[in-house]
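Comments concern the structure below.
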Amino acid sequence: MADPFDAALDLLRRLPPSSTQQNLTGIISLRPELEEDLLSSVDVALTSARCRKSGRDYLCCDYNRDGNSYRSPWSNEFEPAIDADDAAELIPHGRVRRMEESLNAGVDVYRELYYEGGVSSAYLWALDEGFAGVVLFKKSAGSAGSGKGGWDSIHVLEVGESGSKRSAQYKLTSTVILDLALRSKEVDQLELAGNLTRQTQQELPLSGLREAEVEQGHIVNIGRMVEDMETRMRNLLQEVYFGKARDVVGDLRSIQPLSEAERDRAAQKEAISKMNSR
Numbered sequence: 172m173a174d175p176f177d178a179a180l181d182l183l184r185r186l187p188p189s190s191t192q193q194n195l196t197g198i199i200s201l202r203p204e205l206e207e208d209l210l211s212s213v214d215v216a217l218t219s220a221r222c223r224k225s226g227r228d229y230l231c232c233d234y235n236r237d238g239n240s241y242r243s244p245w246s247n248e249f250e251p252a253i254d255a256d257d258a259a260e261l262i263p264h265g266r267v268r269r270m271e272e273s274l275n276a277g278v279d280v281y282r283e284l285y286y287e288g289g290v291s292s293a294y295l296w297a298l299d300e301g302f303a304g305v306v307l308f309k310k311s312a313g314s315a316g317s318g319k320g321g322w323d324s325i326h327v328l329e330v331g332e333s334g335s336k337r338s339a340q341y342k343l344t345s346t347v348i349l350d351l352a353l354r355s356k357e358v359d360q361l362e363l364a365g366n367l368t369r370q371t372q373q374e375l376p377l378s379g380l381r382e383a384e385v386e387q388g389h390i391v392n393i394g395r396m397v398e399d400m401e402t403r404m405r406n407l408l409q410e411v412y413f414g415k416a417r418d419v420v421g422d423l424r425s426i427q428p429l430s431e432a433e434r435d436r437a438a439q440k441e442a443i444s445k446m447n448s449r
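Convert by adding 171 to the 1-based position in the sequence shown; the result is the number in our numbering.
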């Protein structure tokens, strides 16, 4: 008999990517014991919430979640509030929190320049040797009536620090979730959805010896890696998703009216007939 967790993942891979959240909720309602494992293993479109303290939007994911509460990167508090002992363990402090604040400021500028809107968030947490984190971006456009578009990128990082503080090992796993839909008289209904995951690992130098300089060096390195990865993945999506979709639609449908196509075929037959009669 197949393992329920593996069976659930197999089922989700075969269902439409645009309905992953809905299907995931349905599977969890049937098998509640799989909730934690599924939520940590399946990438779904990000949701946003508004920080009560700062009034700014932030993104919700499994990495800033505790039960039904999510931690805001702006206030560093869970909403709704959780037990004080649990919060003390889950909320970052010291250098990790300082780097988280700097990283959020950096990705917010990047989001405005590259996405011209949307929502971004970054979360960090300490490890035994280094730290880990996630950088999130979400941009939605249009409405469900005529067409909609959604871009969600999830960059999970792990940073291993050496004792010399001259360099650090960075491991980045990035996933982009794309969801596009269009409804019009010309094309009727068109949907393009899916996700793409890529991974990279680099050892990068850190400048300076003071703690503040090392922290800033981490932020710069993480920012460059995320920017490079997003550029690569945008180019891949352009080739794989849009290129293939254009080829398929071009083979199945013609933008030329049927009457013009029949007229062209008739002219071609007439030209061939005259050539054969000579």
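Even for Gly, the Cβ is constructed at its ideal location relative to N, Cα and C.
Computed from a predicted structure; not experimentally measured.
Cβ neighbours of I348 in the same chain (closer than 7 Å, five flanking residues each side left out): D214, A216, D323, N366
Burial state of E207, where buried means 16 or more other Cβ atoms lie within 10 Å: exposed
Stretch pair the stretch 216 to 230 + the stretch 284 to 303: three plus CB contacts closer than 8 Å: yes
One or two residues paired with T371 in a DSSP bridge: L343
The stretch 336 to 343 / the stretch 373 to 384 touching (three or more Cβ pairs under 8 Å): yes
V177 versus E382 - alpha carbon distance: According to the sequence provided, residue 177 is Asp. The question's Val does not apply to it. Each residue's alpha carbon lies about 44 Å from the other.
Within the stretch 196 to 239, ranges of the alpha helix (DSSP H) (whole runs, at least 4 residues): 206 to 212
Exposed unless 16 or more other CB atoms sit within 10 angstroms - verdict on R242: buried
Residue from Q193, V327, R354 whose Cα sits closest to the Cα of T368: V327
CA nearest to the CA of G304, picked from E362, I262, E401: I262
Endpoints, beta strand (DSSP E) assigned at E386: Not the beta strand (DSSP E): E386 falls in the alpha helix (DSSP H), residues 382 to 408.
V397 vs Y281 beta-carbon contact at 9 Å: yes
Beta-carbon proximity of F302 to V330, cut-off 9 Å: yes
Residue-chain proximity (S338, chain D), Cβ-Cβ < 9 Å: Structure shown: chain D not included; a single protein chain is present.
C-alpha distance - L351 paired with L182, whole-angstrom precision: 22 Å
Range covered by the alpha helix (DSSP H) that runs through Y281: 265 to 285
Burial state of P188, where buried means 16 or more other Cβ atoms lie within 10 Å: buried
Given A364 as reference, the closest of N392, G320, I325 once Cα atoms are compared: G320
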